[in-house]
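Novice:
There are 2 protein chains.
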Amino acid sequence: MDHLHQTFSVRFTYSVYFTEQLFDSTNSLLADFFSQQATAETRKKLLVVIDSGVVSTHPNLPATITSYFSQHADSVELVTDFLILPGGEIAKNDPDSVEKIVDAVDRHGIDRHSYVAAIGGGSVLDLVGYAAAISHRGIRHIRIPTTVLSQNDSGVGVKNGVNYKGKKNFLGTFVPPVAVFNDSQFLTTLDERDWRAGVSEAVKVALIKDKAFFEWIEQNAEALAARDMTAMQYLVHRCADMHLQHIAGGDPFEMGSSRPLDFGHWSAHKLEQLTNFEIRHGEAVAIGIAMDSLYSQQLGWLSETDTNRILTTLRTLGFVLYQPMLDADNSAGVLKGLSEFREHLGGQLTIMLLKDLGRGVEVHEMDADRIRQAIATLREQESLTLQPALSGQ
Amino acid sequence: MDHLHQTFSVRFTYSVYFTEQLFDSTNSLLADFFSQQATAETRKKLLVVIDSGVVSTHPNLPATITSYFSQHADSVELVTDFLILPGGEIAKNDPDSVEKIVDAVDRHGIDRHSYVAAIGGGSVLDLVGYAAAISHRGIRHIRIPTTVLSQNDSGVGVKNGVNYKGKKNFLGTFVPPVAVFNDSQFLTTLDERDWRAGVSEAVKVALIKDKAFFEWIEQNAEALAARDMTAMQYLVHRCADMHLQHIAGGDPFEMGSSRPLDFGHWSAHKLEQLTNFEIRHGEAVAIGIAMDSLYSQQLGWLSETDTNRILTTLRTLGFVLYQPMLDADNSAGVLKGLSEFREHLGGQLTIMLLKDLGRGVEVHEMDADRIRQAIATLREQESLTLQPALSGQ
Ligand SMILES: NC(=O)c1ccc[n+]([C@@H]2O[C@H](COP(=O)([O-])OP(=O)(O)OC[C@H]3O[C@@H](n4cnc5c(N)ncnc54)[C@H](O)[C@@H]3O)[C@@H](O)[C@H]2O)c1
Ligand SMILES: NC(=O)c1ccc[n+]([C@@H]2O[C@H](COP(=O)([O-])OP(=O)(O)OC[C@H]3O[C@@H](n4cnc5c(N)ncnc54)[C@H](O)[C@@H]3O)[C@@H](O)[C@H]2O)c1
Ligand SMILES: [Zn+2]
Ligand SMILES: [Zn+2]
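Just so you know, the sequences run in chain order A and B.
For the working numbering, add 1 to where a residue sits in the first sequence, where the first one is 1.
For the working numbering, add 1 to where a residue sits in the second sequence, where the first one is 1.
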């Protein structure tokens, strides 16, 4: 049979920097990054897209950025016409958002060697990363994550995406950023829920890969709940590191069916949708972790003690581990999340469960009755804690 | 400075198959491909998008495909609801086209391990490749190119794209297909212009890389113009091979500024737009090759004899090497193509010229007067050939 065979590899490389006050004029980290990338021949431009939730809590940010780049004018040519887009899941739900960014790329003549930076939570980062990835077949993208979740998880990875007709991440690509700048100062203005939400991704990665890290979280859960910044900085750093290692060590563009980092996520994605995105991604993940831990216990894989350690840690962090929509047990309920999860990932259903603290193991089927039982346990425990199961939690 | 560094490589691999009568029930090539990829756990689906120009010249094609997969039912599950989209540049200009494909992906539950195949010319392939690349962060994409240009060039490469507000390929990605099936039977129904148009890409790659191949084209120009299928099969195969080698040997995702395969293209892209896409991409490339060869001659790089050999070969193939829009010499004219080309590629302006037949050399500036002189030469020569410079040619 007559054929030609093609094989090649593409190498991707980027750094995740940890800093404070990224745009303080005395902090040269960002300017140095651009200067190192500069070439003699052409001057590169920088288009900045900012999350409205960041601007409202940091009203001076646009002026500070303008001033930073006027003092570091050699490094890159800032487009001072900032694009400010509504933060939160709406960024990914509104079909006009992508067009707004693409139009700005066109209007300001941002080419493939110029930069589009996004400052914001995971939602705005996912949106801007997607728009940058498809414009001119990919413009250099810089992420400046401003939430716990985006600093320790989504912002350091290789995925972007937007929702399409309510379907989570239906459109997206795998494209690494050229750099990530984690500025912990941004975290100080997060509201309680967003501060907490991102911690569940750290619990997740610890549970499937690193018992010692889980035990650190367990011991520091109260400090984290009390917004101890030193503890949070350690958590973000360790979690980001584990994510990077996982991506590099495995299947970065997820061509297979395995998705270890999606532990607790099959139900989380569905729960987000069922609550009309009133629940935060990280809050839904906390519930998903609790459910799949209880499921692992039912299989005899996890001891009762260890299961309780997980649930207690999540509650100490402030998570509420039950949501009424878990019991919307009809064809559109949380169980439907299993088949949607399989469809989104493609291929065989592959779900991560726990064989031990720090040790995830994949299965290819889940039993509906066991899932219902895990939900029932969470419902009962929640009613006992006397904590009201607030809608939207 | 506190930072984490990330590096990984992603390996891409695919084959380009050459066959005839791909969907003949006795031709197991395609069925074998799917069978080899099949896994025990899940049944994969195949969504097929077809160019309307192919369907109108091969009206039995949908029925033939359905029959093929009913006879090879084990290999893959065909979605018999074919999506037929208008062929030609309109496919890439109409913003609804992408949505139609994405909706079909959703409606038919095509997951990341299932397939979207495109049967058609370079335009439909670029469109479907793009829609497949962004759906679920990338569905496996199969290309079945049906024009000379798509079989020898666009269909075997790694790029896809659509136009945005008239801007050529403004949206797109770099994503290799999982397989390409070149069926030469499709070429028999091409009209004169489309048969010819793709040959200019072979002239292009020969001129920058392989004098012997150029001389083969020179010697076979009449046979090619007379639609000799054996000659065309050789040309397509050799040109596809050179493209694959170029991609694997260089910078597959074009992260640098160099784009050797865009010889003759800076003006071609602009000319396509100036003629409102009445001129074919390959026709515009033939003119672009002629212009940049004359320019190379003016620099003293190419001898008059060699320059004439190039022009004569293109004319023997049937190309008209002048188009009135070349003289629309205002700010929106063809010269503007230079800056737009730079902007699309990013970084420094990088243009391929010829130092010899088979040897391209890059420059970083072009002189407007020399370009005008090259155009003037083409205008004069064309008026001498007595061949009317038809509009749309
Ligand atoms: N790409 C990936 O790999 C990946 C991984 C995990 C999650 N995600 C996605 O990330 C999204 C969730 O991101 P998130 O948890 O960061 O929430 P978010 O981006 O939705 O932001 C939540 C809220 O916080 C506000 N905000 C952001 N930064 C702030 C700051 N410094 N101070 C005050 N308010 C601020 C926003 O405006 C918004 O209202 C989801 O869409 C999820 O699917 C993506
Ligand atoms: N992705 C890349 O790397 C790349 C490279 C070069 C060109 N391109 C793009 O490819 C496009 C041009 O592709 P093209 O030259 O194949 O033309 P085309 O796809 O525009 O098709 C031209 C016409 O031929 C018809 N047609 C297709 N197959 C036929 C067949 N077998 N019989 C009869 N009619 C048929 C189509 O319906 C259309 O009307 C341009 O948009 C160009 O930018 C892309
Ligand atoms: Zn998550
Ligand atoms: Zn071309």
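The C-beta atom is built at its ideal place from N, Cα and C for all residues, glycine as well.
#1: Taking DSSP as the reference, what is the three-state secondary structure of phenylalanine 264/A?
#2: How would you label threonine 231/A, buried or exposed, when you count the other beta carbons within 10 angstroms and need 16 or more for buried?
#3: Tell me, please, whether the CB atom of glutamine 394/A is closer than 8 Å to any CB atom in chain B?
#4: Excluding the 5 residues preceding and the 5 following threonine 386/B in the sequence, name in chain order all residues of the same chain whose CB lies nearer than 6 Å to its CB.
#5: Counting contacts by CB-CB distance shorter than 8 Å, is proline 253/A in contact with chain B?
#6: Tell me whether histidine 282/B counts as near ligand 4, meaning its Cβ is closer than 7 Å to at least one heavy atom of that ligand.
#7: When you compare the CB of isoleucine 248/B with every CB in chain A, is at least one pair closer than 8 Å?
#8: Taking 8 Å as the threshold (beta carbon to beta carbon), is glutamate 21/A in contact with chain B?
#9: What do you reckon, are the CB atoms on alanine 32/B and histidine 59/B nearer than 8 Å?
#10: Using a Cβ-Cβ distance under 8 Å, would leucine 172/A count as near chain B?
#11: Taking 8 Å as the threshold (beta carbon to beta carbon), is aspartate 160/A in contact with chain B?
#12: Report the residue from Leu303/A, Gly89/A, Val204/A and Glu78/A whose alpha carbon sits nearest the alpha carbon of glycine 265/A.
#13: Where do the N-terminal and C-terminal ends of the beta strand (DSSP E) with histidine 59/B fall, by residue?
#14: Could you tell me if the beta carbon of valine 159/A falls within a distance shorter than 7 Å of some heavy atom in ligand 4?
#15: Using a C-beta to C-beta distance shorter than 9 Å, which residues of chain B count as neighbours of leucine 48/A?
#16: Output yes if chain A places a C-beta closer than 8 Å to the C-beta of threonine 14/B; else output no.
#17: Going by C-alpha to C-alpha distance, which of Tyr69/B, Lys93/B, Thr40/B and Thr314/B sits closest to aspartate 52/B?
#18: Over what stretch of residues does the alpha helix (DSSP H) that includes lysine 101/A continue unbroken?
#19: Can you tell me whether glycine 110/A is buried or exposed? The criterion is at least 16 other CB atoms within 10 Å of its CB, across all chains shown.
#20: So with CB distances below 8 Å, who are the chain A contacts of serine 136/B?
#21: Among the candidates Thr276/A, Ser297/A and Ala285/A, whose CA atom is the shortest distance from the CA of glutamate 363/A?
#22: DSSP on tyrosine 131/A, reduced to helix/strand/coil?
#23: If you measure from the CB of glycine 319/A, is any heavy atom of ligand 1 nearer than 7 Å?
#24: For glycine 393/B, is the classification buried or exposed, using 16 other Cβ atoms within 10 angstroms of its Cβ as the cut-off for buried?
#25: Between leucine 327/B and alanine 369/B, how many whole angstroms is the CB-CB distance? I'm expecting something under 8 Å.
#26: Report the three-state DSSP secondary structure of methionine 230/A (helix, strand or coil).
#27: Interface residues of chain B around glutamate 366/A at Cβ under 8 Å?
#28: Within 8 Å (strictly less), CB to CB, does glutamate 42/A reach chain B?
#29: Under 6 Å Cβ to Cβ from histidine 142/A, same chain only, skipping five residues before and after it: list those, please.
#30: Starting from histidine 365/B and walking both ways along the beta strand (DSSP E), at which residues does that stretch end?
#31: Taking the C-alpha atoms as reference points, what is the distance between lysine 271/B and glycine 334/B?
#32: So what does DSSP say about glutamine 324/A, is it helix, strand or coil?
#33: Which residue wins for smallest C-alpha separation from alanine 287/B, given the options Gln324/B, Thr306/B and His365/B?
#34: Classify valine 149/B as helix, strand or coil using the three-state DSSP reduction.
#35: Which residues of chain B have a Cβ atom closer than 7 Å to the Cβ of histidine 396/A, listed in chain order?
#36: Output yes if chain A places a C-beta closer than 8 Å to the C-beta of threonine 386/B; else output no.
Specialist: If we stick to the structure as given:
#1: coil
#2: exposed
#3: Low confidence applies here, because glutamine 394/A scores a pLDDT of 46, under 50, leaving its location unreliable; read the following figure in that light. Interface residue (Cβ-Cβ distance to chain B less than 8 Å): glutamine 394/A is not classified as such.
#4: none
#5: Yes - at least one Cβ of chain B is within 8 Å of the one on proline 253/A.
#6: yes
#7: yes
#8: no
#9: no
#10: Closer than 8 Å: yes.
#11: A small fix is needed here, since residue 160/A is lysine in this sequence, not aspartate. Closer than 8 Å: yes.
#12: It is Val204/A whose Cα lies nearest to the Cα of glycine 265/A.
#13: No beta strand (DSSP E) contains histidine 59/B, which DSSP labels as neither H nor E.
#14: no
#15: Per Cβ cutoff of 9 Å: no residues; leucine 48/A is ~13 Å from chain B at best.
#16: yes
#17: For aspartate 52/B, the nearest C-alpha among the options comes from Lys93/B.
#18: 97-108
#19: exposed
#20: Phe171 and Leu172
#21: The shortest C-alpha separation from glutamate 363/A is found at Ser297/A.
#22: Residue state, collapsed to three classes: helix.
#23: no
#24: Any reading at glycine 393/B must be qualified, since the residue scores a pLDDT of 47, below 50, and its modelled position is unreliable; the value itself is stated next. Exposed: under 16 other Cβ atoms inside 10 Å.
#25: So it is not a contact: roughly 13 Å between Cβ atoms.
#26: helix
#27: The contacting residues do not exist; glutamate 366/A stays about 10 Å from chain B at best.
#28: yes
#29: Val117, Gly130, Ala133 and Pro178
#30: Premise fails: histidine 365/B is in no beta strand (DSSP E) and is neither H nor E.
#31: 8 Å
#32: In this structure, DSSP gives glutamine 324/A a state outside helix and strand, which the three-state scheme calls coil.
#33: Gln324/B
#34: helix
#35: No answer is possible for residue 396/A: the residues shown for chain A start at 2 and end at 394.
#36: no
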